[in-house]
Amino acid sequence: QVQLVESGGGLVQPGGSLRLSCAASGTIVSTNTMGWYRQAPGKQRELVATSGGSTNYADSVKGRFTISRDNAKNTVYLQMNNLKPEDTAVYYCKVDQWYAWRWSTYWGQGTQVTVSS
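Note that my numbering has the sequence shown beginning at 1, numbered continuously upward.
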């Protein structure tokens, strides 16, 4: 089992920055994929960025958000710069990994990011 705890959300003005963190505990495989997703009110959950064999970003955040990870700490980060009101959402951390001959997916509880003046 894997437990994920997110932190770093909050209220920020347009153009501001936030850094989200997601700490994983339990049985962690270093070759996993860690990522961030978000869900705005009335919308489906969408990919923001992932880090595994490669790094991927949603087009809407390219050039503004940066995903990074510290495998020694089993932590993934999302640096969000030049935030826009449309970035307002609950941000979720996700881990996908191959372990014990099966793929498993784990989600964090989510952290609210609100961009507003």
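We put the beta carbon where it would ideally sit given N, CA and C, even for glycine.
Computed from a prediction, not measured in an experiment: that's the story for all the values here.
Secondary-structure assignment with DSSP links Gln3 through a beta bridge to Ser25. Scanning its chain for C-beta atoms nearer than 6 Å, with the 5 sequence neighbours on each side dropped, one finds around Gln79 the residues Arg19 and Thr66, in chain order.
Linking Ser68 to Cys22 through their CA atoms gives a straight-line distance of about 11 Å.
Secondary structure note for Asn56: its beta strand (DSSP E) is the uninterrupted segment Thr55 to Tyr57. Between the region 70-89 and the region 40-50 there are three or more inter-stretch CB-CB distances shorter than 8 Å, so the stretches are counted as touching. Short of 8 Å from the beta carbon of Ser30, and not among the five residues preceding or following it, lie these beta carbons of its own chain, in chain order: Asn71. Cβ-Cβ distances below 6 Å link Gln13 to Ser117 in the same chain, with the five nearest sequence neighbours on each side left out; the list follows chain order. With contacts defined by Cβ atoms closer than 9 Å, Asn82 and Arg102 do not form a contacting pair. Within 10 angstroms of the beta-carbon of Lys62 lie fewer than 16 other beta-carbons, which makes it exposed. Taking a C-beta distance under 9 Å as the contact criterion, Ser25 and Val2 qualify as a contact pair. Scanning its chain for C-beta atoms nearer than 7 Å, with the 5 sequence neighbours on each side dropped, one finds around Tyr37 the residues Arg45, Glu46, Leu47, Val48, Tyr92 and Lys94, in chain order. Val95 is bridged by DSSP to Met34 and Tyr106.
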